[in-house]
Structure formats: C-alpha cells, structure tokens
Amino acid sequence: MERKWWMEAIGYQIYPKSFNDTNGDGIGDIKGVTEKLDYLNNLGINMVWLCPFYKSPMDDNGYDVSDYYDVDPMFGNLDELKELISEAHKRGIKIVADLVLNHTSDEHEWFVEARKSKDNKYRDYYIWADGRIDEKGNEIEPTNWASFFGGSCWKKDEQTGQYFMKIFSNKMPDLNWKNEALRKEMYKMANWWLDLGIDGFRVDAVAHLSKSEFVDSEMKANPYACDWGKFSNLPKAHDYLQEFYKEVLKDRDVMTVGEVGGGATCMDALKYSGYDQNEFNMVFNFDHNWSHNEDGTTNVKNLKEIFNKWQTGTFGKGWNPLYWLNHDHPRVLSHYGNTGEYRNESAKMLATALYFMWGTPFIYNGEEIGMTNYPFETLEDFNDVAIKNQYEYAKKEGLSEREYVKKVKNGSRDNARTPMQWSNKLNAGFTDGEPWFHVNPNYKTVNVESQLKDPNSILNYYKQVTHLRRHGDYKNIIVYGSYRLIDRKNKFVYSYIREYNKKKLLVITNFTDKLVKVSYKYQMVKKVLSNYNNAKIEDLRNHILRPYEALVLEIK
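The sequence shown begins at 1 in the UniProt record's numbering and counts up one residue at a time.
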C-alpha cells in the first residue's frame with residue numbers, strides 16, 4: 001500500500017449555508033468559511049469538504065445544480081472561492097468539493113432544452129420512458145419504483161407526454177450515463193474544477209449512476225415499491241467510474257470519496273475503492289448510522305459488529321472514511337450520546353470510539369462542540385423537502401401532523417443543518433441578520449467561544465484527538481495499525497486494540513450512563529487519553545467504567 005496524504009488527513013465537512021454569514025443576509029457564505037480557516041487550523045483540520053456551492057434553485061439545498069461552472073450568488077462568487085482555496089492552501093488545508101454526477105436541477109440548461117422535444121440534442125442526457133395503461137384504462141408510470149423522497153421515481157413532462165426519472169426530488173432529473181456526450185461533459189467539468197485548485201471530490205449519490213431495465217419491482221408496493229436495488233450499486237456503474245478515473249483522476253494527487261449509501265457490503269465498497277480498482281479512494285456507507293434498539297437506545301453490540309466488519313473486511317484492501325454524521329443525518333450526540341447530565345462525557349466518548357480506528361476522519365461542523373438535534377414541534381418547523389413530501393403519504397396512512405412530526409423529528413436531515421453555534425450572542429454569532437433556518441436554543445451554553453476558554457470542553461478534547469492522529473508517538477498506530485475487536489459480547493462497551501510494529505493501544509468506550517465492569521488481561525504501559533480528568537487505572541482485570549467513560553491506553 002502506497003501511503004497518501006489523504007490517509008493521514010483530518011477532514012471537516014462544512015454545510016456552507018449554515019456555517020458563517022459575513023454579509024448579514026442570514027445565509028452562510030464562502031467568505032464565512034475563509035474567515036474561519038484559522039479556527040479550523042487550530043482544531044487540527046487539514047482537509048475541508050464543502051457541500052455544494054454551485055448555482056442552484058435550492059430545491060434540495062444545492063444538490064440540484066443548475067450551473068456546474070459557477071458559484072451561487074447566495075454564497076458569493078468564483079473569485080471568493082479562489083481566495084478561499086488560496087488561503088486554505090497557505091495554511092496547509094486542502095479543499096474538497098461536493099460533485100453531483102447523478103442528476104441536475106430541472107432548471108439546468110440541458111434539461112430546459114431536453115424537455116422541448118423528443119429529438120432535442122440534449123434529450124438523451126436524461127432518462128425518459130413512456131407511461132403504461134393499467135387494467136382500469138388509466139395511464140400510470142413506466143415502473144412502480146419509489147423515489148427516495150416519497151412517491152414515484154418518475155414524473156410526467158406535459159410538454160412531450162413522456163416521463164423522466166427522478167429518484168430524489170421532482171426537480172432533480174436523473175442524468176443518463178449511457179450517453180457518451182453527457183459523460184464527456186461531466187469529465188470536462190470535473191477537470192475544470194481540479195485545474196482551478198480544488199483538491200478532490202466527495203461524489204454524491206454515486207451508487208445510482210446505473211439503472212436496471214424498466215421492469216416492475218416484485219416488492220410490496222404501496223403504491224410504489226422501495227426497491228433501491230433497481231438503481232443502486234449495479235455493475236455498469238463501475239465502467240463509468242473507471243472511465244471517470246481515467247479521464248479525470250489518473251494523473252492527479254487528489255482525494256475522492258464516493259457516497260454509496262447504506263446498502264453496500266464490504267465487497268461492494270471495495271469494487272469502488274479497492275486499491276487496485278481505479279475508481280475512488282474510499283466510500284461513505286451508512287449502515288452504522290441507524291443502530292438502535294426498539295426503545296431508541298443505542299444497540300452497542302450491533303454497532304460494534306458493523307464497525308468490526310468494515311475495519312477487518314477492508315483492511316489492506318482499500319481505505320475507509322470515519323464519520324458519525326453528515327448533512328443528511330441527525331446530530332450524533334442526540335443520536336448515540338447523552339444531551340443531559342453526561343453531554344460532555346458522552347461527546348468525548350463518541351469521538352474516542354470512532355477516531356481511534358483506522359481511516360480518514362470526517363468531522364461534521366458543530367460535532368466538535370457537541371451540537372444537538374433541534375426541538376422540532378410542527379411540520380412548518382422543517383425545511384427538508386423529503387420530510388414535506390413524505391408527509392403527504394403519511395396523511396393517507398392516517399397519521400396526524402403531530403404524530404408524523406414525532407415520528408420523523410429525531411432522524412430528520414434538518415437536525416444537521418441548523419446554524420453553527422459560534423458564541424452566546426444573538427443568533428449564536430452565525431449572522432447579524434435573520435438566519436435562514438432555526439438556531440438551536442441551546443446556543444447560549446453550547447458554542448465555540450465558551451468552549452475555547454474551557455480546557456475541559458468537548459472542543460479541546462477534539463483537539464487532543466486530532467493531535468494524536470497527526471503527530472507524535474501514536475500516529476502510525478492510529479492511522480496505519482491493525483484493528484482487533486475484543487469483549488465482543490459486551491452489550492454496553494466497545495473495546496478494540498490497535499497495533500503497529502509491536503506497539504499497542506487499547507481503546508475502551510462505555511456507551512451507557514451506567515457503571516460497567518470490564519476485565520481485560522493486559523498490562524498498561526501508559527494512559528494516553530481519557531475523557532475523565534481523574535481517571536485511575538489500577539488493574540484492568542477488575543476495572544469499573546463510569547458513565548460514558550472512554551480510555552485510550554498503551555498496553556503490553
């Protein structure tokens with residue numbers, strides 16, 4: 001395995017709209033990211049992933065691109081983006097852009113032209129099909145496949161009478177990757193951004209570039225079947241991605257990470273990111289993001305089995321990203337931690353459990369201060385297009401608005417999209433204007449400014465973690481060492497051993513608010529890190545872990 005810069009990087013995902021507003025319009029901007037580069041540098045970050053900043057009608061917060069070659073005025077302009085790249089590079093920070101290859105906005109010039117007529121030169125840039133007549137004589141969609149955002153994955157275009165595929169929003173038509181001219185346009189665009197100075201891509205929805213033949217799913221349909229296998233992780237996608245690698249990535253020292261979703265196995269992932277595959281460096285897979293018992297508590301046994309699967313199943317064959325959440329997930333402290341008495345301890349425990357495994361960390365903005373879910377109460381509180389679309393189907397199933405909100409609020413994507421909490425000033429220091437979205441009311445106690453002053457804060461603990469990963473005696477163990485799960489049957493504790501050149505680290509994390517006894521036959525050499533200041537380890541064969549306690553120990 002050839003060592004690369006991105007293997008040792010500490011990534012940080014920024015949702016620009018909610019990060020930092022410098023012009024008072026209530027929306028985060030490119031200048032706002034530039035303004036916070038020193039903060040990121042001090043945190044130990046040396047790679048920033050920016051969510052989409054391209055021109056967009058913002059039906060899905062920028063993932064519906066109308067112009068791949070320009071910055072949306074909401075965020076600034078191209079010169080300001082160039083300045084961000086330049087200033088980041090001066091500080092040793094790489095800038096990674098979100099690249100949306102699966103679909104465009106319906107306001108993109110290609111689709112505006114494509115829908116004019118069936119023989120338009122851009123028609124085949126998208127996926128079209130005729131409707132069908134059902135047994136009652138009614139016209140229905142080409143297939144019974146569901147969309148991720150609710151309803152059918154097809155929408156009828158009245159101008160030509162055909163249906164276009166849109167596996168996400170109605171305003172996000174899927175691109176037809178079978179079309180060579182379309183592929184060349186996408187390669188040209190990606191090269192343009194890399195030539196501009198971008199250091200790599202997070203590639204959105206990459207698992208969906210290839211679609212099955214248009215045949216109804218045999219899964220239960222109500223009235224549409226959630227059969228994601230019809231357009232996920234299909235073999236032909238790899239032909240397109242290998243061509244993308246050849247035309248864009250082959251001779252460049254950049255980082256790529258693809259989003260493959262929760263349905264991919266280790267074998268699937270390695271087809272995208274194996275060292276010899278010539279596609280991506282790593283892929284995001286979300287099977288660890290929803291590990292719960294029926295009562296909502298964390299299913300620790302299941303969670304650690306998932307981590308173990310990825311840590312052992314891909315070791316030596318490909319690379320892994322490490323992440324608790326992104327812009328599509330709830331806040332991890334609300335999800336797997338404790339937002340009450342043990343918020344500080346549990347946030348630090350979660351950082352320890354994840355970021356001492358091998359792989360490239362991606363910290364989501366606000367995670368490092370323990371930001372939490374927003375207290376949604378009504379449907380009107382939400383911004384997420386998926387939540388609003390799916391409510392129409394929930395109503396048909398008899399759910400009231402109150403019942404629906406209760407059902408979806410803890411898992412909503414909007415939880416990750418509330419403004420970054422910089423201080424206890426008005427609007428959490430995010431903006432001097434009216435913020436585009438709700439500020440979490442806990443900003444007065446949960447914010448960057450107060451945590452910078454507190455040596456025992458979550459933020460300063462994250463700095464310790466990033467320092468250990470990037471510098472000093474344990475860097476090679478953490479970044480490149482082997483991984484071994486121990487205490488496998490324990491329902492409350494996740495423990496594992498990292499080893500490199502006969503040097504070992506033992507990581508112990510208690511995922512509960514209970515006292516838990518552990519017994520390990522190892523001899524401690526040194527305490528490397530703990531989330532309790534007064535942690536004392538006298539005998540690992542008979543040690544009591546406090547609520548959400550985390551320990552990193554060098555052992556013999």
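Backbone N, C-alpha and C define an ideal beta-carbon position, used for all residues, glycine too.
All of these numbers come straight from a predicted model, not from anything done at the bench.
- Message: I want to check one thing, is the minimum distance from the CB of W319 to the heavy atoms of the ligand PLP below 7 Å?
- Response: This structure lacks the ligand PLP, and indeed carries no ligand of any kind.
- From Y496 to N460, what does the alpha carbon distance come to, in whole angstroms? The residue labelled residue 496 in the question sits at position 496 within the sequence shown. The residue labelled residue 460 in the question sits at position 460 within the sequence shown. Between Y496 and N460, the C-alpha separation is close to 24 Å.
- Count the other CB atoms, across all protein chains shown, that sit within 10 Å of the CB of D21; report buried if there are 16 or more and exposed otherwise. Translated into positions along the sequence shown, residue 21 becomes position 21. Taking a 10 Å sphere around the C-beta of D21, we find 16 or more other C-beta atoms and assign the residue as buried.
- To which residues does DSSP link S66 through a beta bridge? Reading the sequence shown from its first residue, position 66 is the one you call residue 66. Bridge partners of S66 according to DSSP: none are assigned.
- Item | Integer-rounded CB distance, given that L325 should sit under 8 Å from V332 | The sequence position of residue 332 within the sequence shown is 332, counting from 1. The sequence position of residue 325 within the sequence shown is 325, counting from 1. About 5 Å; that satisfies the 8 Å criterion.
- Query: From what residue to what residue does the beta strand (DSSP E) around I363 run?
  - Reply: For the purposes of this step, residue 363 is taken as residue 363 along the sequence shown, with counting starting at 1. From DSSP, the beta strand (DSSP E) with I363 extends over T360 to Y364.
- Message: Can you list, in chain order, the residues of its chain with a C-beta nearer than 8 Å to that of G316? Leave out the 5 residues immediately preceding and following it.
- Response: As a position in the sequence shown, residue 316 is number 316, starting the count at 1. These residues qualify, in order along the chain: M1.
- Message: Output needed for G24: all residues of its chain with C-beta closer than 7 Å, excluding positions within five of it in sequence on either side, in chain order.
- Response: If you number the sequence shown from 1, residue 24 lands on position 24. The answer, listed in chain order, is T431, D432 and G433.
- Query: Could you give the C-beta distance for N427 and P419, rounded to a whole number, given that I count them as a contact under 8 Å?
  - Reply: For the purposes of this step, residue 427 is taken as residue 427 along the sequence shown, with counting starting at 1. For the purposes of this step, residue 419 is taken as residue 419 along the sequence shown, with counting starting at 1. About 7 Å separates the two Cβ atoms, so the contact holds.
- Return the residue from the list D473, K271 and E499 that minimises the CA-CA distance to L485. The residue you call residue 485 lines up with position 485 of the sequence shown. Measuring from the Cα of L485, the nearest candidate turns out to be E499.
- Query: What residues match up with R132 in a beta bridge as DSSP calls it?
  - Reply: Indexing the sequence shown from 1 puts residue 132 at position 132. Partner(s): I140.
- Between Q390 and the rest of its own chain, which residues show a CB-CB distance below 6 Å, the 5 nearest in sequence each way excluded? Along the sequence shown, read from residue 1 onward, the residue named residue 390 stands at position 390. These residues qualify, in order along the chain: G150.
- What number of angstroms, rounded off, separates the C-alpha of N222 from the C-alpha of Y393? Translated into positions along the sequence shown, residue 222 becomes position 222. Translated into positions along the sequence shown, residue 393 becomes position 393. Straight-line Cα distance between these residues: approximately 10 Å.
- Should H471 go down as buried or exposed, given a rule of 16 or more other Cβ atoms within 10 Å for buried? Taking the sequence shown and counting its residues from 1, the one referred to as residue 471 is at position 471. Exposed, by the Cβ-count rule.
- Item | Delimiting residues of the alpha helix (DSSP H) encompassing I306 | Position 306 of the sequence shown holds residue 306. V300 to G313 is the extent of the alpha helix (DSSP H) around I306.
- For the alpha helix (DSSP H) that contains L540, what are its first and last residues? Locating residue 540 in the sequence shown gives position 540, counting from the first residue. Membership of L540 in any alpha helix (DSSP H) is not indicated, and neither H nor E is assigned to it by DSSP.
- Message: In the DSSP output, what is K503 paired with across the bridge?
- Response: Working through the sequence shown from its first residue, we reach residue 503 at position 503. Paired residues: Y500.
- Note down the Cα distance separating V528 from N46, rounded to an integer number of angstroms. As a first step, residue 528 must be located in the sequence shown, where it is residue number 528. As a first step, residue 46 must be located in the sequence shown, where it is residue number 46. Straight-line Cα distance between these residues: approximately 23 Å.
- Message: Please report the distance separating the alpha-carbon of V33 from that of T339.
- Response: Reading the sequence shown from its first residue, position 33 is the one you call residue 33. Reading the sequence shown from its first residue, position 339 is the one you call residue 339. V33 and T339: Cα-Cα distance of roughly 28 Å.
- Item | Three-state secondary structure (DSSP) of W154 | Within the sequence shown, numbered from 1, the residue matching residue 154 stands at position 154. Note: W154 maps to strand in three-state DSSP.
- Message: Between the alpha carbons of W5 and N144, how many angstroms are there, rounded?
- Response: As a working note, residue 5 is residue 5 in the sequence shown. As a working note, residue 144 is residue 144 in the sequence shown. Those two C-alpha atoms are separated by around 45 Å.
- Message: Using only the alpha-carbon positions, how far apart do K444 and Y69 sit?
- Response: As a working mapping, residue 444 is identified with position 444 in the sequence shown. As a working mapping, residue 69 is identified with position 69 in the sequence shown. Approximately 39 Å, taken between the alpha carbons.
- Message: Tell me whether the stretch 511-522 and the stretch 543-550 touch, counting them as touching only if at least three CB pairs, one residue from each stretch, are closer than 8 Å.
- Response: yes
- Under 8 Å by Cβ, that's how I've got L505 and E554 pegged, so tell me the actual separation to the nearest angstrom. Position 505 of the sequence shown holds residue 505. Position 554 of the sequence shown holds residue 554. Their Cβ separation, rounded to whole angstroms, is 6 Å, which keeps L505 and E554 in contact under 8 Å.
- Same chain, Cβ closer than 6 Å to K55, neighbours up to 5 away in sequence not counted: As a first step, residue 55 must be located in the sequence shown, where it is residue number 55. For K55, where only same-chain residues beyond five positions count, the Cβ hits under 6 Å are S66, D67, D70 and D72.
- Relative to the C-alpha of L249, which residue among N278, G263 and G337 is closest? In the sequence shown, counting from the first residue as 1, residue 249 sits at position 249. Of the candidates N278, G263 and G337, the one whose C-alpha sits nearest the C-alpha of L249 is N278.
- Return helix, strand or coil for H467, following the three-state DSSP convention. Stepping through the sequence shown from its first residue, residue 467 is reached at position 467. Residue state, collapsed to three classes: helix.
- Query: From what residue to what residue does the alpha helix (DSSP H) around K82 run?
  - Reply: As a working note, residue 82 is residue 82 in the sequence shown. Unbroken alpha helix (DSSP H) run through K82: L78 to K90.
- Item | Host beta strand (DSSP E) of S530 (start-end) | The residue you call residue 530 lines up with position 530 of the sequence shown. Where S530 is concerned, the enclosing beta strand (DSSP E) starts and stops at M524 to S530.
- Message: Measuring CB atoms only, is the stretch 191-200 touching the stretch 86-106, in the sense that at least three cross pairs come out at less than 8 Å?
- Response: Taking one beta carbon from each stretch, the stretch 191-200 and the stretch 86-106 have 3 or more pairs nearer than 8 Å; the two touch.
- Query: Candidates K536, M74, T256 and H438: which alpha carbon is nearest N320's?
  - Reply: Here residue 320 is taken as the residue at index 320 of the sequence shown, counted from 1. When each option's Cα is compared against that of N320, the closest is T256.
- Message: Using the Cβ count rule (16 or more neighbours within 10 Å means buried), how would you classify D539?
- Response: Residue numbering aside, residue 539 sits at position 539 when the sequence shown is read from its first letter. When all chains shown are included, D539 counts as exposed.
- Item | Simplified DSSP state of L209, which is helix, strand or coil | Counting from one through the sequence shown, the residue named residue 209 turns up at place 209. Here L209 sits in coil by DSSP.
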